[in-house]
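S.K.:
So this is what it looks like as structure tokens:
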């Protein structure tokens with residue numbers, strides 16, 4: 014079952030949806046956001062005796078060490094929901110292995126420059142812990158994460174739920190913008206593994222949340238805080254999203270529309286427009302344009318000296334923010350005479366956790382007491 018995440022009062026910010034563990038700090042949170050987190054969700058309309066609900070935070074995953082890079086990439090390129098390397102499914106892994114052998118050295122170098130591995134599993138676990146604290150007192154919830162291409166994999170997380178006797182699950186992808194390559198693939202993977210368990214799981218899902226109010230507030234907070242680094246100088250906002258083959262959009266994928274909805278929502282809060290571009294392209298297909306390097310070159314040609322880059326489709330730090338933006342694009346901008354500042358990924362920003370909590374409570378029918 015898919016749950017529509019739109020809220021009846023989606024245009025208003027409710028400060029009571031904030032994490033209860035107010036002693037936690039996050040570098041991406043502004044002082045105003047940290048003040049809002051003092052309120053909690055402790056007064057919720059939880060139903061006594063209702064079954065425990067497992068909340069599954071879905072994300073892509075990443076190699077935690079350099080030795081993990083090659084098997085991680087193989088899992089990624091073997092996924093036919095992202096890219097079909099052959100009309101014949103049995104050829105997918107064979108071709109994927111050849112591609113991975115060529116790409117692995119470059120990928121290992123990138124991960125070596127950001128600490129020797131991806132922080133995504135750690136950050137997602139921290140998000141799960143913060144969400145569990147935020148939901149405390151609102152029902153009986155067990156929050157875990159499941160990665161698509163590396164550990165903890167869906168099968169491992171489902172086994173943990175089964176051992177705890179949890180059979181009712183809510184799948185919450187940490188992709189605010191739906192694409193069959195991300196949310197779709199992760200949900201399908203979860204369902205495939207769940208089908209092998211007996212007793213069976215009941216899985217509800219939240220498919221997208223591009224204009225969720227607290228999420229938009231979190232993004233606006235990071236933009237406002239990061240803008241202060243320019244100390245009054247003019248700057249251009251650039252939203253960098255993960256790219257997608259144009260064929261996906263032509264086939265009806267709502268990803269691009271969802272990205273634009275988020276940007277529109279943030280604009281209403283900040284009053285500052287921005288330009289959209291796309292990063293992380295790979296393979297000989299037609300990708301969404303303009304690319305992030307191209308937009309930097311275009312801005313330099315127009316005499317722009319300051320750029321605030323917002324990683325719009327990433328709620329957590331990983332190789333695309335820490336290597337591509339912070340190293341590759343930063344170096345490119347420097348050669349073009351541009352000062353590039355990246356707004357922080359949301360990670361455990363209090364308003365992101367509040368957004369996730371609101372989505373969970375709405376999807377499970379739990380309401381706040383007035």
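In this note's numbering, the protein residues as written are 14 to 383.
Yeah, the Cβ is synthetic: ideal placement off N, Cα and C, and Gly gets one too.
As the structure is a prediction and not an experimental result, all values here were calculated from the model.
Verify whether the separation of the beta carbon atoms of residue 316 and residue 182 is less than 8 Å.
M.R.: Cβ distance not < 8 Å, so residue 316 and residue 182 don't count as in contact.
S.K.: Compare the Cα-Cα distances from residue 213 to each of 160, 174, 368 and report the closest residue.
M.R.: Among 160, 174, 368, the Cα nearest to that of residue 213 belongs to 174.
S.K.: Could you have a look at residue 68 and say whether DSSP puts it in helix, strand or coil?
M.R.: Three-state DSSP puts residue 68 in a strand.
S.K.: Exposed or buried, what is residue 355 when buried is set at 16 or more other beta-carbons lying within 10 Å of its beta-carbon?
M.R.: So residue 355 ends up on the buried side.
S.K.: Within the same chain, show all residues whose beta-carbon is closer than 8 Å to that of residue 20, passing over the 5 residues directly before and after it, in chain order.
M.R.: At residue 20 the pLDDT is 32, less than 50, meaning the model places this residue with poor confidence and gives no usable figure here.
S.K.: Quick check on residue 315: does DSSP put it in helix, strand or coil?
M.R.: Three-state result, residue 315: coil.
S.K.: Could you say if the segment 98-110 and the segment 118-135 meet the contact criterion of at least three C-beta pairs nearer than 8 Å?
M.R.: No, because fewer than three Cβ pairs between the segment 98-110 and the segment 118-135 fall closer than 8 Å, the two stretches do not touch.
S.K.: Is the closest heavy atom of the ligand PLP to the C-beta of residue 135 under 7 Å?
M.R.: Although the ligand PLP was asked about, the structure shown includes no ligands whatsoever.
S.K.: Which residues bound the alpha helix (DSSP H) around residue 199?
M.R.: Element bounds for residue 199: 198-207.
S.K.: What does the alpha-carbon distance come out to for the pair residue 264 and residue 297?
M.R.: Cα to Cα, residue 264 sits roughly 18 Å from residue 297.
S.K.: Assign residue 270 to buried or exposed, taking buried as 16 or more other Cβ atoms, counted over all protein chains shown, within 10 Å of its Cβ.
M.R.: Classification of residue 270: exposed, given that the 10 Å Cβ count is below 16.
S.K.: What number of angstroms, rounded off, separates the C-alpha of residue 286 from the C-alpha of residue 217?
M.R.: If you take the alpha carbons of residue 286 and residue 217, they lie about 36 Å apart.
S.K.: Cβ atoms of residue 312 and residue 249: under 8 Å apart, would you say?
M.R.: Going by C-beta atoms, residue 249 is nearer than 8 Å to residue 312.
S.K.: Three or more C-beta pairs closer than 8 Å, one from the segment 228-241 and one from the segment 195-215: is that the case here?
M.R.: Counting Cβ pairs under 8 Å, fewer than three are found: no touch.
S.K.: If we count Cβ pairs, one from each stretch, closer than 8 Å, do we get three or more for the segment 108-121 versus the segment 143-161?
M.R.: The segment 108-121 is not in contact with the segment 143-161.
S.K.: The alpha helix (DSSP H) that contains residue 402, what's its start and end?
M.R.: An answer regarding residue 402 cannot be provided, because it is not within the stretch 14 to 383 covered by the chain.
S.K.: Buried or exposed: residue 53, going by 16 or more other Cβ atoms within 10 Å of its Cβ?
M.R.: Reliability of the predicted coordinates at residue 53 is poor, the pLDDT of 39 falling under 50, and the value obtained from them is presented with this limitation in mind. Looking at its Cβ environment, which holds 16 or more other Cβ atoms inside 10 Å, residue 53 is buried.
S.K.: So for residue 191, helix, strand or coil by DSSP?
M.R.: Three-state DSSP puts residue 191 in coil, outside helix and strand.
S.K.: Rounded to the nearest angstrom, what separates residue 196 and residue 332 at their Cα positions?
M.R.: Spanning the two alpha carbons is a distance of roughly 19 Å.
S.K.: To the nearest angstrom, how far is the alpha carbon of residue 391 from that of residue 230?
M.R.: With the chain represented from 14 up to 383, any question about residue 391 goes unanswered, as that position is not in the structure.
S.K.: What's the call for residue 140, buried or exposed, on a 16-neighbour Cβ count within 10 Å?
M.R.: That one is buried.
S.K.: Does the distance from the CB of residue 199 to the CB of residue 161 come in under 8 Å?
M.R.: A contact, by the Cβ cut-off of 8 Å.
S.K.: Within the same chain, show all residues whose beta-carbon is closer than 6 Å to that of residue 47, passing over the 5 residues directly before and after it, in chain order.
M.R.: Residue confidence is low: residue 47 scores 46 on pLDDT, short of 50, so the model does not pin down where it sits. No coordinate-derived value is stated.
S.K.: Am I right that residue 253 and residue 322 are in contact with their C-beta atoms under 8 Å? What's the rounded C-beta distance?
M.R.: Between residue 322 and residue 253 the Cβ distance is about 6 Å, and since that is below 8 Å, they are a contact.
S.K.: Give the range of the alpha helix (DSSP H) segment to which residue 260 is assigned.
M.R.: 259-263 is the span of the alpha helix (DSSP H), which, as asked, contains residue 260.
S.K.: Are the Cβ atoms of residue 259 and residue 301 separated by less than 8 Å?
M.R.: Yes. Within cutoff.
S.K.: Pull the bridge partners of residue 186 from the DSSP assignment, please.
M.R.: DSSP, once it has assigned bridges, lists 71 as partnering residue 186.
S.K.: Is DSSP giving residue 331 helix, strand or coil here?
M.R.: The answer is coil: DSSP assigns residue 331 none of H, G, I, E or B.
S.K.: Would residue 289 pass as a contact of residue 342 if the rule is Cβ separation under 8 Å?
M.R.: No, the Cβ-Cβ distance between residue 289 and residue 342 is not below 8 Å.
S.K.: For residue 10, I'd like the list of residues in its chain whose CB is within less than 6 Å of its CB, leaving aside the five on either flank, ordered along the chain.
M.R.: Past the boundaries of the shown model lies residue 10; the chain is included only from 14 to 383, so the question cannot be answered.
S.K.: Exposed or buried, what is residue 104 when buried is set at 16 or more other beta-carbons lying within 10 Å of its beta-carbon?
M.R.: Exposed, since its Cβ has fewer than 16 Cβ neighbours within 10 Å.
S.K.: Whose CA, out of 278, 247, 172, lies closest to the CA of residue 223?
M.R.: Selected option, being the one with the closest Cα: 278.
S.K.: Rounded to whole angstroms, what's the CA-CA distance from residue 367 to residue 361? Just pull it up for me.
M.R.: Rounded to whole angstroms, residue 367 to residue 361 spans 10 Å at the Cα level.
S.K.: From this set, 65, 228, 220, which residue's C-alpha is nearest residue 11's C-alpha?
M.R.: Coverage of the chain is limited to positions 14 through 383, which leaves residue 11 absent and any answer about it impossible.
S.K.: Let me check one thing: in DSSP terms, what residues is residue 352 bridge-paired to?
M.R.: According to DSSP, residue 352 bridges with 319.
S.K.: CA-CA distance, residue 293 and residue 281?
M.R.: Using only the alpha carbons, I get a separation of about 28 Å.
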